[in-house]
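Each number in my numbering comes from the position in the sequence shown (counting from 1) with 14 added on. Read through the structure below, which is laid out as C-alpha cells, and then see the notes.
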Amino acid sequence: MIFFKIFVIVSCLIFPVYQSLYAQPNERSVSIITAALKKEADNTTKANLLLELALAYIHKPGEEKTDLDTALFLISQAENINSKILHDKSIEANTYFAYSNAYRERGDTKIGQVNINKAINIYEALSLPEKLGDAYMEATSYYQSPSRKDNIIILNYYDKALSKFKLSGNKEKEAFVLKNLADYNIILRNYGRALVQLNESLNIYKSIQYRKLHGVYDLLNLVNVNLGDYPTAVQNGLLAEKTALQERDTTRQLCTIYYRLALAYNKWYNYNSPEAAEYYKRALDIALKLKDYESIQFIAVSLCNQFVNLRRPDKGIRLISELGDNIKFYYWADSLYVFSSYIELYREAHQLNKAKVYADYLVLILSDPSKDLSDEQPDLAYRGLIDYFITTHQYKLAAKYASINLSYCLKNSNKSILAIAYSYKSRTDSAIGDFKSALNNYKAAISINDSLFNDNKTFQFAQMQVAFNTKQKEDSLKLNQRSIKMLTAKNEDDLKKAHLIRNIIIASALSLLIVLFAGYQFKQKSNRKLQAQQKEINHKNEILQQTVSEKNKLIEEKEWLVKEIHHRVKNNLQIVVSLLNTQAAYLQEGDALMAIHESRHRMQVISLLHQKLYQVETSSLIDMQAYISEVVSYLKESFKGINHLYFEQQIDSISLDISQAVPVGLILNEAITNCIKYAFPNNLQGNIAISFTKEADGNLLLTVADNGIGMAKDIELCQRNSLGMRLMQTLSQQLDGNIKIESKEGAMVKVCFKQQARENIAAPSENIINTTGDYA
C-alpha cells in the first residue's frame, strides 16, 4: 500500500493548490504601458498607469530583484502624485494594493499584510466591489501554510471575494474564486461543497465561453474519486486531458492531470489498470522534461508498483534502469518507500538476489538508532521486508518485523494502516505455525476493514447529501432573487399606472371620480383573489415537489444499498480467494493444492459477477459479452505456460440475471479448465473455442470446444468419476437445460437452456456445494 503515501506527497509537491489572480503578467505588457505613460498628461490617469506598470513588473516571469525595485519606485511616484495633487481615496487604496503585491513578492510579508488591510478598509468605505474582491484574493496570499486554521481563514476571504465579484458582475473572477474555494474544501474534506462549487464554476466559465477548463475538470476528477464515483472521475479526468491538449498546455498542470487520471483508473479497477500505467508514464515524461526530481521519484515509484500489480515486473526493472540518476534522494526517509517498491519489483520478477540488496539496506536503516522514525511511515518498509522474508522462507524474521510493524501501527491513528498490519501479522503467524494467533489477527483485520468500509460509505453518503442540500439551497436562493426582481418590476409598473390614473383623475371631471374609485376597488379585490389562488397553487407545487424528491431519494438509496451488497459479496469472495492463496503457499504439489486452485477459480468466477453488478447502473442483469471475456482473460492469466493455446470467442449480446449467470460462469470455468489441463499434453498447440449464442428457437447455447486429444472412450464413466463433469451436469440441471459432451477431433461441451424471466429463476442450488467426487 505504498500508493497512499505517494499520493499524499505528490499532491503537495506537483499539484499546486492556489493560483493567484496575479500570478501571470498583466494583459498589457511593460512596453505598452510605458509608451502610454509617456504620452499621458492627466494626473489621475498617470497615477493609475504607474500602478498598472508596477504590477506588470511585479508579475513578470522570473524572480529579478531589479523588477521589484522598479515596481516599488513606480508605486512611490503614484503615491506622491496622489498625496500632493489628487487626494483620491481610490488611488490611495490602489497604491496600498500594489505595495502589498510588491512586499509579498520580496518576502516582507508583515509590511505587505499591513498594506492590504489598509486597501481593504478604503475599498469597503468606497463600496468598490470588484476592487474589494481583488483585495480579498490578495489577502489569502499571507495564509499559505498547510494548517487547518490558515485554510479556514482563506476560505473566509474567498467567500467574501465571491460575494463582491457576483455584485460587480465579473463572471470570470467569480468562476475563478469558486474553483479555488473548491480546492480548499477538498483539502478540508468538504467534498460535497467542493462538488457544487466546481459545477457552478464550470457553468459560469462555459457561459462566458472560457476555454481553459482543464483545471476545473481535474479537480472534479479528484472530488469524484474521494466520493467513490470512479467512472465519473475517469470521465472528468479525460475531459481535463482533452481540454489541456486543445489549449496546448504541456506544463506541470498536465502532469497533475495525468497523475490524477491514473489514480482514478486505479481506484476504478482496484489498482489493476493498464490505463493507469499509461497515464503514470505520461506524467513521468512531463516531470522529466521539467527536471522536477521530487515528482520524478514519486511518479516512478507509483509506476513501478503498477507494473507489480499488472505482473509485469520486467517493465518496472527496465524503467529503473532507464531513469538512472534521475531518481534522487533528498532525505534518508525517501528510501523507505522507494526501496520497498524495488523489493516488490524484484521479488515479483523472482530476482531475489537483487531484492536482498534493498532488504539489507532497509534492515540497516530501521535498526539505526540515529534515525527518527516517528515522523515517517516505516510501515511501508516493514511490509516490504515481510514480503521478502516470506518469499525466501525466512518465516521467523518475517514474524519479527510483522510484530514490530504492528506495534508501530497501534500507535498510529490510521485505521487502514492498522488493518494491513494485522493482516501481515496473521500471515506470518500462520507461516510459523501459530494458527490461533493468526486467526485472532485475521479477525482483527476484518473487523477494522468492515469499520473502515462503513465509515467511508457513511462519509461519502453524507458528502453527497451536503452537495444535494447545498444545490437545493442555491437553487432556492436564485429562485427567490428572480422573484424579487419580478416583484420589483411589477411594482414599478404599478407605480407608473398609479401616476397615470392620478393625472387622469386630476384632469377629469369630478363625476368620473366615483367610477374610477369603484373600478380601483374591483381591481384590488381581483388582485387579492388572484394572489390567494396563486398562493394555493404554489403550496400544492411545493408539496408535489417534496413528494417527488422523497420518492427519488428512496429509489436512489435502494439502488445504492443493492450495489453495496454486491460489493460486499465481491469483497468477501476476494477474502476467500486470498485465504486459499495463503494456504496454497504452504502446500506441496498434490491433490490438496490442486483442489485449492480449482476452488479459487470458482470463487473468482462468482466474484467477477458481483463486481460487474456493483459497477453498472442496473443491479440485476449481467452483460455476458463482457463477463465471459473477463472470465476467459482471468483463466488465461491464472495458468502459466499456455502460450501454445489460442482462444476464440463468439459471444452474442445477451444479458442474464445473476441466478443464471452464476451457473453459466461456473460451467465455463470447468469446461475451459479441463481443456487447458488435459486437451493439449506436451505443449501441443491448439485452439479453444468459446461461443454463447441465441438460437433460432429462442434458446441459448453455450459451447466450449477444443481440437486436442479428445476424451476417454467411456465418457459416461468420466462423467461419473469427475467432479468437474458432475458439477457441469448439476449446473445445467439448475438452468433447466441439457448438457451434451462429445469427443470428435477434440472435446466439446454444449449446454442448451432457455433464458427465463427473472421472477421465474430459482435460487442457486445447494447441490453445487454438496457434489462430491474426483477433480476433472
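All residues carry an ideal CB built from backbone N, CA and C; glycine is no exception.
Through-space distance from residue j to residue i, alpha-carbon basis
i, j, result
"N798", "P143", "Outside the displayed range of the chain (15 to 790) lies residue 798, so it cannot be described from this structure."
"Y285", "V322", "10 angstroms"
"Q770", "R740", "23 angstroms"
"L86", "S182", "29 angstroms"
"D232", "Y205", "14 angstroms"
"I723", "K754", "18 angstroms"
"N194", "Y172", "8 angstroms"
"Q267", "R225", "15 angstroms"
"K654", "N250", "38 angstroms"
"K124", "N96", "24 angstroms"
"Q663", "N713", "19 angstroms"
"D443", "A710", "58 angstroms"
"R332", "T687", "34 angstroms"
"E675", "P160", "For the sequence presented, residue 675 should be read as Ala rather than Glu. So the two alpha carbons sit approximately 51 angstroms from each other."
"A37", "N115", "Low local confidence applies: a pLDDT of 41 at A37 is under 50, so the model's placement there is unreliable, with the coordinate-based value given in what follows. A37 and N115: Cα-Cα distance of roughly 10 angstroms."
"L252", "H407", "44 angstroms"
"S437", "G760", "45 angstroms"
"E390", "I130", "38 angstroms"
"W282", "T246", "10 angstroms"
"R325", "M617", "21 angstroms"
"K439", "L399", "13 angstroms"
"S417", "I589", "22 angstroms"
Residue i: first and last residue of the uninterrupted alpha helix (DSSP H) it sits in
i, result
"I642", "M638 to S652"
"D374", "L366 to S381"
"K802", "The question about residue 802 has no answer here: the residues shown for the chain are numbered 15 through 790."
"I753", "That residue, I753, is in no alpha helix (DSSP H); its beta strand (DSSP E) goes N752 to E756."
"S444", "K429 to A445"
"F343", "First-last for F343: undefined, no H or E at that position."
"K79", "K79 to I95"
"Y283", "Note, Y283: premise wrong, no alpha helix (DSSP H); not H, not E."
"T123", "T123 to L140"
"S388", "Element bounds for S388: n/a, residue is neither H nor E."
"T59", "N57 to I72"
"A347", "Per DSSP, A347 belongs to no alpha helix (DSSP H) and is neither H nor E."
"E152", "P143 to A153"
Same chain, Cβ closer than 8 angstroms to residue i, neighbours up to 5 away in sequence not counted
i, result
"E41", "Here the model assigns E41 a pLDDT of 49, short of 50, so the residue's position is not dependable, and the following value carries that caveat. Answer for E41: no residue qualifies."
"P39", "Because the pLDDT at P39 is just 36, under 50, the model does not fix this residue reliably, and the value given afterwards should be weighed accordingly. These residues qualify, in order along the chain: A70, H73, K74 and P75."
"D750", "F767, K768 and Q770"
Identity of the residues DSSP links to residue i by a beta bridge
i, result
"D720", "I702"
"E662", "A703"
"M617", "Bridge partners of M617: none, in fact."
"F767", "L714"
"K708", "L714"
"M762", "A719 and E756"
"S669", "D637"
Distance CB(residue i)-CB(residue j) smaller than 8 angstroms
i, j, result
"N213", "L275", "no"
"I610", "I656", "no"
"S316", "Y294", "yes"
"A314", "C269", "no"
"C423", "L432", "yes"
"L209", "V239", "no"
"T707", "D671", "no"
"F111", "A139", "no"
"L716", "V646", "no"
"Y307", "N340", "yes"
"R441", "Y402", "no"
"L680", "V718", "no"
"Q211", "L192", "yes"
"A297", "Y272", "yes"
"Y137", "L146", "yes"
Continuous beta strand (DSSP E) stretch holding residue i: start and end
i, result
"N683", "That residue, N683, is in no beta strand (DSSP E); its alpha helix (DSSP H) goes I672 to Y692."
Closer than 7 angstroms: residue i CB and nearest the ligand HEM heavy atom
i, result
"L714", "Among the components of this structure there are no ligands whatsoever, and the ligand HEM is therefore not found."
Residues near residue i by beta carbon distance below 6 angstroms, same chain, minus five either side
i, result
"Y150", "Y171, K174 and A175"
"K370", "none"
"R118", "G126 and S155"
"N94", "none"
Close beta carbons around residue i, own chain, < 7 angstroms, minus the five adjacent residues each side
i, result
"I222", "K185 and E186"
"A363", "P327, D328 and I331"
"I23", "Below a pLDDT of 50, predicted positions are generally treated as unreliable, and I23, at 36, falls in that range; no measurement from the model is reported."
"Q320", "A290, A291 and Y294"
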